[in-house]
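Read the structure below first, then the notes.
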């Protein structure tokens, strides 16, 4: 059994005002390029992302942030923030990491005000999520599972908003990702400090191309 507080589910809700609604995380550019055209192609693209990028990036940092919060280690949280931002490959995603961290901090403040660990994590939404989950009473694995699902759910919803996948199709995609997400969580649990390699070429290139677009629905 895992401990999954309702407050943590609140943070993963797409209606939670953390700024995620403004980001496609590369989905918009994959649609532009013709890589994502329907539910099946979205599933293929997200399966690649979940296997190759998610464990060694978002999940590794969320787990290490949970560990730092468990140890009440503010300096380590600050270091993780700097390192997480540095691993973002484009200017837009680095800025988004901090902006979403600020938005998430405002939401968490209503649940857990005035905590130095949260204040230290505010520069990175990924790190702040791990810290907040620990303070809200979630165990480590639940934190990773929540972070993983929140990320791919946001990406699937971006495809819905763009119009390439219907709402039911997006839910079908998310259901098919259950196994890959479980494997991604297990992979990330083996990661130690500095072991956050992860590279999904098509997604990284999509983020880079999107940054130079003059128009689009999403920031990233």
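Numbering (the working numbering), first residue to last: 1 to 220.
We treat Cβ as the ideally placed atom computed from N, Cα and C, and that holds for glycine.
| Check | Outcome |
| --- | --- |
| I think residue 135 touches residue 69, with their Cβ atoms under 8 Å apart; what is that distance to the nearest whole Å? | 6 Å |
| So residue 174 packs on residue 152, CB below 8 Å; how close in whole Å? | 7 Å |
| Does the beta-carbon of residue 220 have 16 or more other beta-carbons within 10 angstroms, so that it is buried, or is it exposed? | Per-residue confidence for residue 220 stands at a pLDDT of 49, beneath the threshold of 50, marking its modelled position as unreliable; no derived number is given. |
| Residue 199: which of 44, 57, 6 sits nearest, CA to CA? | 57 |
| When we look at the beta-carbon of residue 37 and count the other beta-carbons within 10 Å, is it buried (16 or more) or exposed? | exposed |
| Would you kindly work out how many angstroms separate the C-alpha atoms of residue 84 and residue 163, rounded to a whole number? | 32 Å |
| In the structure shown, what three-state DSSP assignment does residue 190 receive? | coil |
| Decide yes or no for the touch test of the region 117 to 131 against the region 75 to 82: beta carbon pairs closer than 8 Å, at least 3 of them. | yes |
| Where do the N-terminal and C-terminal ends of the alpha helix (DSSP H) with residue 63 fall, by residue? | 60 to 70 |
| Measure from the alpha carbon of residue 165 to the alpha carbon of each residue in 27, 202, 116, then state which is nearest. | 27 |
| What are the complete alpha helix (DSSP H) segments, minimum 4 residues, inside the region 112 to 169? | 116 to 120, 125 to 135, 140 to 162 |
| With H, G and I counted as helix, E and B as strand and the rest as coil, what does DSSP make of residue 15? | coil |
| Does the distance from the CB of residue 48 to the CB of residue 142 come in under 8 Å? | no |
| If you check the beta carbons only, do residue 183 and residue 66 fall under 8 Å apart? | no |
| Comparing C-alpha positions only, which one of 103, 133, 40 sits nearest to residue 15? | 103 |
| By Cβ distance below 8 Å, which residues in the same chain neighbour residue 60 in space, the five residues on each side in sequence not counted? | 188, 191, 195, 196, 198 |
| Buried or exposed for residue 34, please, with buried defined as at least 16 other CB atoms from any protein chain shown within 10 angstroms of its CB. | exposed |
| Helix, strand or coil for residue 172? Go by DSSP, reduced to three states. | helix |
| Using a 10 Å radius around the Cβ and a threshold of 16 neighbouring Cβ atoms, would you call residue 106 buried or exposed? | exposed |
| Inspect the beta-carbon positions of residue 149 and residue 181 and report whether they are closer than 8 Å. | yes |
| So the candidates are 171, 25, 10; which of them puts its Cα closest to the Cα of residue 209? | 25 |
| Determine the contact status of residue 42 and residue 206, defining contact as a CB-CB distance below 8 Å. | no |
| Please tell me whether residue 39 and residue 172 are closer than 8 Å, where the distance is taken between their beta carbons. | yes |
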